[in-house]
Amino acid sequence: MASDDVQNLIETEDAPPAFPLAGGRAHGYHRAAVDTFLAAARAAFEGDADDLTAADVRVASFPLVKNGYVVAEVDAALGRVEDALAARARDRAVRSRGAGAWVEKARDDAQVVLDHLARPPKHRFARTGVLTFGYRVDEVDHVAGRIVKYLRDGEPLTAEQLRSAAFRMQRGGYREEQVDALLDATVDVILAVR
């Protein structure tokens, strides 16, 4: 470990925590990992660099430890960072290609999601085997219905609602990676049209 890394670690431990800490038996996100990620995100944003995208923030993960940061607090902050990066990307694209091209891309992306969700309930995603767990089909189909109503009918749905969607598990459920990819694509559409 370099001396700068040690100094940063010492400063992090002496500084007041950036977020509330999980107490009792609850685990939270590893403080140094979160602090390092958010410092890099801030530097990328303030430096107007393209090193970090909204998608990178969405897939960020941190180890769970005792006395770590409260998960919900960090997730909310990450949502704000993702929103800011998406808004910057949208502004840049509109300036370089025009608003019409941006809207057309968002419309095309929305249509891809709608086409996927046009499949009948209980058949919208690939399923796991009967001995393997996946997302509960009825819960995913409920969220899928809300997405369709948002994209087709304009009913309210926020990126935060999709980011915080959680599904119980069942044998023979929907494959997690497919559901997660569709939720991510929908969040991208929501952020594009804000």
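Under the working numbering, the residues of the sequence shown are numbered 37 to 230, in order. All residues carry an ideal CB built from backbone N, CA and C; glycine is no exception.
| Asked | Found |
| --- | --- |
| In this structure, does DSSP put G64 in helix, strand or coil? | strand |
| Quick one, which of R172, A180, R131, F169 has its alpha-carbon nearest D151's? | A180 |
| Excluding the 5 residues preceding and the 5 following V110 in the sequence, name in chain order all residues of the same chain whose CB lies nearer than 7 angstroms to its CB. | F55, Y65, V70 |
| Applying the 10 Å Cβ sphere with the 16-neighbour rule, what's the burial state of Q43? | Note that Q43 scores 40 on pLDDT, short of 50, meaning its location in the model is unreliable; the coordinates nonetheless yield the value given after this. That one is exposed. |
| Using a C-beta cutoff of 7 angstroms, does Q147 count as contacting chain B? | Any reference to chain B falls outside this structure, which holds one protein chain only. |
| Thinking just about the alpha-carbon of each residue, which of Y210, A125, V215 is nearest to the one in F169? | Y210 |
| Just the C-alpha distance for A75 and A68, rounded to the nearest angstrom, thanks. | 10 angstroms |
| Just to confirm my understanding: we take D177, look at its own chain, exclude 5 residues before and 5 after, and list those with CB closer than 8 angstroms. What are they? | P157, K158, R160 |
| Thinking C-alpha only, which one of G59, R230, R199, V93 is nearest L218? | R199 |
| Please say whether A195 and A142 have beta carbons closer to each other than 7 angstroms? | no |
| When you compare each of A108, T89, R133, D189 to V236 by their alpha carbons, which one comes out closest? | The question about residue 236 has no answer here: the residues shown for the chain are numbered 37 through 230. |
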